[in-house]
Amino acid sequence: MTIQLDDLHKSFGQKHVLRGFSLEVRDGETLTVLGPSGSGKSVMLKHIVGLLTPDRGQVLVDGQNVGELEMNDLYDLRRKVGYVFQLAALFDSLSVADNVGLGLHRVGGFREDQIRERVRECLHLVDLEGFEDRFPAELSGGQKKRAGLARAIATKPKYLLYDEPTTGLDPLTKAVIDQLILKMRQELGVTGLVITHDMESAYRVSDRIAMLYEGRRRFLGTPDEIRGTEDPVVRAFIEGDPQYLERRETTVEEAS
Ligand SMILES: Nc1ncnc2c1ncn2[C@@H]1O[C@H](COP(=O)(O)OP(=O)(O)OP(=O)(O)O)[C@@H](O)[C@H]1O
Ligand SMILES: [Mg+2]
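Offset between the sequence shown (1-based) and this note's numbering: plus 176.
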């Protein structure tokens, strides 16, 4: 049982963002998806939790077709798929404890003291114990990302989707987040799907790496395989070749 994306197509107006993207995440692995900004990585993730529905193709999570789920089943699905949003997306008016406990309140059936205990556990896992009563405005960027991660794991999900968990962080804080991603897999047995631009993080956390390019899967392999690839597009991306970015902007304009 895994996450399976099958020939996904998604357009917004004239813009054909996903053009037949397929990928299967294996049980227990951490798979990273790379791709230029605007290539549709976040769009792809949103299909997995039913925030977007595909124009064509399907997403299966544990064999269930996400695009066809009733509201109730969709809520069940979101309990088992934690989502760490691109910009932490904490509610500013809620304390850290209330942000982290949000999913548990939504699921229902927990007493207040059970929620408090679970929130404490999750904050402990991300090294934010004692931060319960702080507000998001009082947190650093790295602490916000960790609070976002604590919120995503509160319902003990089987899967975790991380949308650029290290973007905008300094190298040390990045390493801390990468360690947490590894810990989620090793200690909680979570299957992870990570979106990143950051090759260093990708090499650190991934069992396999895929690349999304022009709406399709351009590459899929181990970190060693991507290091050794001769595909010029993939090479340019992992080496951060700016000429390639210029070329890409022209193609995107031509395509849109
Ligand atoms: N709800 C939406 N309505 C219209 N267009 C959208 C919507 N969501 C995304 N797009 C467009 O789809 C394209 C892909 O967006 P997406 O957010 O998936 O990019 P990304 O690969 O995550 O980029 P980044 O690395 O910058 O986060 C962009 O051109 C974006 O403007
Ligand atoms: Mg994105």
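Where a beta carbon is used, it is the ideal one built from N, C-alpha and C, also for glycine. Remember, it's a predicted structure, so these values are computed and weren't measured experimentally.
How about SER218: is its Cβ closer than 6 Å to a heavy atom in ligand 2?
On the sequence shown, position 42 is the one that residue 218 refers to. Within the cutoff, so yes.
Taking all protein chains shown into account, do 16 or more other C-beta atoms lie within 10 angstroms of the C-beta of MET360, making it buried, or fewer, making it exposed?
Counted from its first residue, the sequence shown places residue 360 at position 184. Answer is buried; the Cβ neighbour count reaches 16.
Does the beta-carbon of GLY391, which I'm using as the reference point, lie nearer than 6 Å to any heavy atom of ligand 3?
Ligand 3 is not among the ligands present in this structure, which contains only ligand 1 and ligand 2.
The alpha helix (DSSP H) with HIS192 in it runs from where to where?
Residue 192 sits at position 16 when you count from the first residue of the sequence shown. Premise fails: HIS192 lies in the beta strand (DSSP E), 191-201, not in any alpha helix (DSSP H).
Among GLU200, LYS191 and THR206, whose alpha-carbon lies nearest the alpha-carbon of THR372?
The count along the sequence shown starts at 1 and reaches residue 372 at position 196. The shortest C-alpha separation from THR372 is found at THR206.
Cβ-based burial, PHE267 [other Cβ within 10 Å; buried from 16]
Here residue 267 refers to the residue found at position 91 when the sequence shown is read from its first residue. Result: exposed.
Where do the ends of the beta strand (DSSP E) carrying ALA386 lie?
Position 210 of the sequence shown holds residue 386. 384-389 is the span of the beta strand (DSSP E), which, as asked, contains ALA386.
Where the beta strand (DSSP E) containing VAL257 begins and where it ends:
In the sequence shown, counting from the first residue as 1, residue 257 sits at position 81. That run of the beta strand (DSSP E) goes 257-260.
According to DSSP, which residues form a beta bridge with TYR335?
Along the sequence shown, read from residue 1 onward, the residue named residue 335 stands at position 159. DSSP lists VAL257 and THR367 as partners of TYR335.
Return yes when at least one heavy atom of ligand 1 lies under 6 Å from the C-beta of GLY226, else no.
As a first step, residue 226 must be located in the sequence shown, where it is residue number 50. Not so, every heavy atom of ligand 1 lies at least 6 Å from the Cβ.
How long is the line joining the alpha carbons of TYR338 and THR349, rounded to whole angstroms?
Translated into the one-based positions of the sequence shown, residue 338 becomes position 162. Translated into the one-based positions of the sequence shown, residue 349 becomes position 173. Their Cα atoms are separated by approximately 16 Å.
Under a Cβ-count criterion, where at least 16 other Cβ atoms within 10 Å of its own Cβ denotes burial, should PRO341 be classed as buried or exposed?
Numbered from 1 along the sequence shown, position 165 holds the residue referred to as residue 341. So PRO341 ends up on the buried side.
Going by alpha carbons, who is nearest to ARG180 out of ALA326, TYR335 and CYS298?
Residue numbering aside, residue 180 sits at position 4 when the sequence shown is read from its first letter. Here the sequence assigns Gln to residue 180, which means Arg is not the residue at that position. For the residues ALA326, TYR335 and CYS298, the minimum Cα distance to GLN180 belongs to TYR335.
Tell me which residues share the same chain as LEU194 and place their Cβ nearer than 7 Å to its Cβ, disregarding the 5 neighbours each side in the sequence.
As a position in the sequence shown, residue 194 is number 18, starting the count at 1. Contacts found: LEU184, HIS185, LYS186, GLY216, VAL219, MET220 and GLY391.
Tell me whether VAL237 sits in a helix, a strand or coil according to DSSP, three-state version.
Position 61 of the sequence shown, counted from the start, is the residue given in the question as residue 237. In this structure, VAL237 counts as strand in the three-state DSSP scheme.
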